[in-house]
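The numbering used here puts the first residue of the sequence shown at 13, with every later residue one more than the last. Have a look at the structure below, then the notes.
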Amino acid sequence: MSLGALLFDVDGTLADTEPQGHLPAYNRAFEDFGLDWRWTPELYRRLLRVSGGRERIHHYIEHFDPSLGHHDAAIDDDAAGWVRELHQRKTHHFRSRLERGEIPLRPGVARLIAEAGDAGVPVAIVTNASRPTLEPFLTHALGPALVRHIALCVCGDEIEHKKPAPDLYREACRRLDCAPERCVTIEDSAVGVTAATGAGVASIVTVNDDTRRQRFDDAVLVLDSLGEPGRPAERLRMAADYDFDHVTLALVRAVSDAWQERSSRRG
């Protein structure tokens, strides 16, 4: 048994992109379009239950009945096209925040990616985000020193069904030519864990303010972060007894070994 690949979600996992990036970018895009919408953190937390940015905007229009102002006719004529333009404007503001260094990586992320890459373990990104949204994150948040360790990115606009469907993880395993039970993913949400588990991939969860109260029954570990030496991760739930104070590649290997043994027993 061996660890085949280390997978990472992006939003909320690699960085707190939702409160520090996406939410303010949405609100700036609404201002640009002359809309009186303003998504609060509480409302946005509810909207995050809908996977995908364009899908989230559609859901808001359909279920919250906001004022559309002078955009009524454009939405009636081509709602998908109008939402696409609004989302593109939001992506512009998100990119600007990345370029200004306003979305730092979460604790332990850079260390674990570098450790896996240096050890020859393939590292992949598996995200509901679109490729145009992901690319500036790779450039400005991860940077070239970490991006060189990324073997593969699978994005939400490349498959039919986003998380919580297992399609993204299945596609990542297919492209990596790696059995799902040999992969471990770092996620932050119940949606992500559901997707990973459905594909047969083990999950380590690092919660954030938006996901801390969610249920993670299928996760192997639930922590407040990956932690750093001298800055231990808080253990919120463990499916087994692991001895650690921060997430290292050795811990990920131990999780992988246990997951593979469990998978083989299940047949």
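Built from N, CA and C at the ideal position, the CB exists for glycine as well. These figures come from a predicted structure and were not determined experimentally.
- When Leu263, Ala245, Phe149 are compared, the shortest CA-CA separation from aspartate 257 is found for Ala245.
- In this structure, DSSP gives cysteine 165 an extended state, which the three-state scheme calls strand.
- Ranking Gly16, Val121, Val217, Gln272 by CA distance to the CA of glycine 132 puts Gly16 first.
- Three or more pairs of CB atoms, one per stretch, sit closer than 8 Å, so the region 105-123 contacts the region 143-161.
- Pairwise C-beta distances place the region 128-147 in contact with the region 161-177, as three or more of them are shorter than 8 Å.
- Beta bridge pairing from DSSP links threonine 218 with Leu235.
- Taking alanine 184 as the centre and dropping the five residues before and after it, the same chain places the C-beta of Leu19, Ala136, Val138, Leu164, Val166 closer than 7 Å to its C-beta, in chain order.
- Note that the region 94-106 touches the region 51-70; at least 3 beta-carbon pairs, one per stretch, sit closer than 8 Å.
- Glutamate 199 sits close to serine 215, with the two beta carbons spaced by under 8 Å.
- In the three-state reduction of the DSSP assignment, cysteine 190 falls in the coil class.
- Beyond the five residues adjoining it in sequence on each side, arginine 187 comes within less than 6 Å, by CB distance, of Leu164 in the same chain, given in chain order.
- DSSP, read as helix, strand or coil, puts phenylalanine 76 in helix.
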